[in-house]
Amino acid sequence: MFPKAILVAFAAASVVLAAPTPAAPTDTDVLQFALTLEHLENAFYAEGLSKFDAKAFTDAGFADWVRGRFVQIGAHEAEHVKFLSGALGDAATKPCEYNFSLTNPGAFAELAMALESVGNSAYLGAAQFVSDKGVLTDAASILSVEAHHAAWISSAGLKEQPWNGAFDAPLNPSGAFSLASQFIKSCPSTNPALPVKAFPTLTLSDATPKSGKSVKFAFTPAAGQQASTTQYIAWLSGLDVVYSDLKNGKTTVPDNLRGTVFAVAVSSKDAAPNDDNMLSGFAIAEFPFPSSAVDV
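Count the sequence shown with mature numbering (1 follows the signal peptide of the UniProt record, and there is no 0) and you get residues -18 to -1, 1 to 278, in order.
#1: Take G43 and list the residues in its own chain whose beta-carbon comes closer than 8 angstroms to its own, dropping the five residues that flank it on each side.
#2: Rounded to whole angstroms, how far is the Cβ of Q14 from the Cβ of T75, which I believe are closer than 8 angstroms?
#3: By the DSSP assignment, the alpha helix (DSSP H) with K33 in it spans what residues?
#4: Suppose you measure from the CA of A(-6) to the CA of A158; what does that come to, to the nearest Å?
#5: Using DSSP bridges, identify the partner residues of D227.
#6: In the DSSP assignment, find the unbroken alpha helix (DSSP H) run with K115 in it and report its ends.
#7: Report buried or exposed for D150, applying the criterion of at least 16 other Cβ atoms within 10 angstroms of its Cβ.
#8: Hey, out of N24, V53 and L22, whose CA is closest to D35's CA?
#9: Please state the DSSP three-state secondary structure of F271.
#10: With H, G and I counted as helix, E and B as strand and the rest as coil, what does DSSP make of T40?
#11: Leaving out five residues before and five after A73 in sequence, what residues of the same chain have Cβ atoms less than 6 angstroms from its Cβ?
#12: How many whole angstroms separate the CB atoms of L184 and V224, which I take to be in contact at a CB cut-off of 8 angstroms?
#13: In whole angstroms, give me the CA-to-CA distance for A69 and D9.
#14: On the CB-based measure, 16 or more other CB atoms within 10 Å of its CB, does V276 come out buried or exposed?
#15: Counting pairs of Cβ atoms below 8 angstroms between the stretch 108 to 121 and the stretch 179 to 194, do you hit three or more?
#16: May I have the straight-line CA-CA distance separating E98 from S123, to the nearest angstrom?
#17: Mapping DSSP to helix, strand and coil, what is G241?
#18: Keeping to the same chain, check which residues put their C-beta closer than 6 angstroms to that of K195; ignore five residues upstream and five downstream.
#19: Closest to Y27 by C-alpha separation, out of P152, S83, T233 and T40, would be which residue?
#20: Which residues mark the beginning and the end of the beta strand (DSSP E) in which S168 is found?
#21: Could you check what DSSP says for S187 in three-state terms: helix, strand or coil?
#22: Enumerate in chain order the residues of its own chain whose CB-to-CB distance from Y105 is below 8 angstroms, with the five nearest sequence positions on each side excluded.
#23: Which residues mark the beginning and the end of the alpha helix (DSSP H) in which S103 is found?
#24: Given that a residue counts as buried once 16 or more other Cβ atoms are within 10 Å of its Cβ, and exposed if not, what is W217?
#25: Just how far apart, CA to CA, sit D257 and I166?
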């Protein structure tokens, strides 16, 4: 289960990398966006595994083989960076400076699960913009590995459910970046702008909310953005988007949400969350379920 600090702190996109008014991404844009996420994951595993040795993992209650699996995952992310950098050549985006604030192996494992979930949904959401079938196949190959990572970390690593249901939730580029960018301190000025729009932080009062209960969401409208009189929380669960009214910063959690769910404040229910109707970045809510659960 993700710690509350991780879930509620996932923040708005960094203006350092965000294009002010993103156009429809090109294949190159999608690859640069993917590489940005892979650089972050690669740095995360390198830092965490250098910080916590085998004894640290076993002292934290993990089986002695768990760290070895994380080493393998880290090697996958390094290979993804190498592959995407090779595809982009000299124009490839370079690594940024990151801040993961890792305190122990448990926090490392929980954040790994969050990053892999975001990565999986980011690839899924970006697929619609890819026109070259070869690029699409390559991206799908990486996507499936990210999904394997998320499933293994959640189930074998953290003893939670290995999936969210029959479908995973796609995230648009701005939404995915709003979740990943809180760990980015700064980036090379020569890096290309990404096809994402910056959104303000969305905070959630309870990272593991219960259906039918009231929870608080809060965000500060971006500069120049007028507060919408009508606001909703869009809950992305698999291929479904479920809406709840947001009034005075409070909303009632809908029924039938499972696993990792992405939530975002929007101004309308006329279309799925996008750069035009999103009022905030995304937050993550977790709805764990046991193996005895049905219809998941």
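Cβ coordinates follow ideal geometry from the N, Cα and C atoms, glycine included.
Reading off the structure:
#1: Sequence index remark: in the sequence shown, residue 43 carries index 61 (1-based). Excluding sequence neighbours, G43 sits near G88.
#2: Your numbering for residue 14 matches position 32 in the sequence shown. Your numbering for residue 75 matches position 93 in the sequence shown. Right, the Cβ-Cβ distance comes to about 5 angstroms (below 8 angstroms), so this counts as a contact.
#3: Position 51 of the sequence shown, counted from the start, is the residue given in the question as residue 33. Run containing K33: D9 to K33, per the alpha helix (DSSP H) assignment.
#4: Translated into positions along the sequence shown, residue -6 becomes position 13. Translated into positions along the sequence shown, residue 158 becomes position 176. Residue confidence for A(-6) is low, a pLDDT of 37 falling below 50, so the modelled location carries little weight; the figure read from the coordinates is stated next. In a straight line, the C-alpha of A(-6) is about 9 angstroms away from that of A158.
#5: Here residue 227 refers to the residue found at position 245 of the sequence shown. The partner list for D227 (beta bridge, DSSP) reads Y214.
#6: Sequence index remark: in the sequence shown, residue 115 carries index 133 (1-based). Counting along the chain, the alpha helix (DSSP H) containing K115 begins and ends at K115 to W134.
#7: In the sequence shown, counting from the first residue as 1, residue 150 sits at position 168. Answer is buried; the Cβ neighbour count reaches 16.
#8: Counting from 1 along the sequence shown, the entry for residue 35 is found at position 53. Per the Cα distances, V53.
#9: Working through the sequence shown from its first residue, we reach residue 271 at position 289. Reduced to three states, the DSSP call for F271 is coil.
#10: In the sequence shown, counting from the first residue as 1, residue 40 sits at position 58. The answer is helix: DSSP assigns T40 an H, G or I state.
#11: Mapped onto the sequence shown, residue 73 falls at position 91. Contacts found: none.
#12: Taking the sequence shown and counting its residues from 1, one reaches residue 184 at position 202. Taking the sequence shown and counting its residues from 1, one reaches residue 224 at position 242. At roughly 16 angstroms, the Cβ-Cβ gap does not stay under 8 angstroms, so L184 and V224 are not in contact.
#13: The residue labelled residue 69 in the question sits at position 87 within the sequence shown. The residue labelled residue 9 in the question sits at position 27 within the sequence shown. Cα to Cα, A69 sits roughly 11 angstroms from D9.
#14: Counting from one through the sequence shown, the residue named residue 276 turns up at place 294. That one is exposed.
#15: no
#16: Within the sequence shown, the letter at position 116 stands for residue 98. Within the sequence shown, the letter at position 141 stands for residue 123. In a straight line, the C-alpha of E98 is about 15 angstroms away from that of S123.
#17: In the sequence shown, counting from the first residue as 1, residue 241 sits at position 259. G241: strand per DSSP, three-state reduction.
#18: Position 213 of the sequence shown, counted from the first residue, corresponds to residue 195. Hits under 6 angstroms: V235.
#19: The residue given as residue 27 occupies position 45 in the sequence shown. Answer by Cα proximity: S83.
#20: Indexing the sequence shown from 1 puts residue 168 at position 186. That run of the beta strand (DSSP E) goes I166 to S168.
#21: Taking the sequence shown and counting its residues from 1, one reaches residue 187 at position 205. Three-state DSSP puts S187 in coil, outside helix and strand.
#22: For the purposes of this step, residue 105 is identified with residue 123 of the sequence shown, where counting begins at 1. The residues are A16, A121, A122, I124, L125 and E128.
#23: Taking the first residue of the sequence shown as 1, we reach residue 103 at position 121. S103 -> alpha helix (DSSP H) spans P87 to A108.
#24: Counting from 1 along the sequence shown, the entry for residue 217 is found at position 235. W217 should be labelled buried.
#25: Numbered from 1 along the sequence shown, position 275 holds the residue referred to as residue 257. Numbered from 1 along the sequence shown, position 184 holds the residue referred to as residue 166. In a straight line, the C-alpha of D257 is about 21 angstroms away from that of I166.
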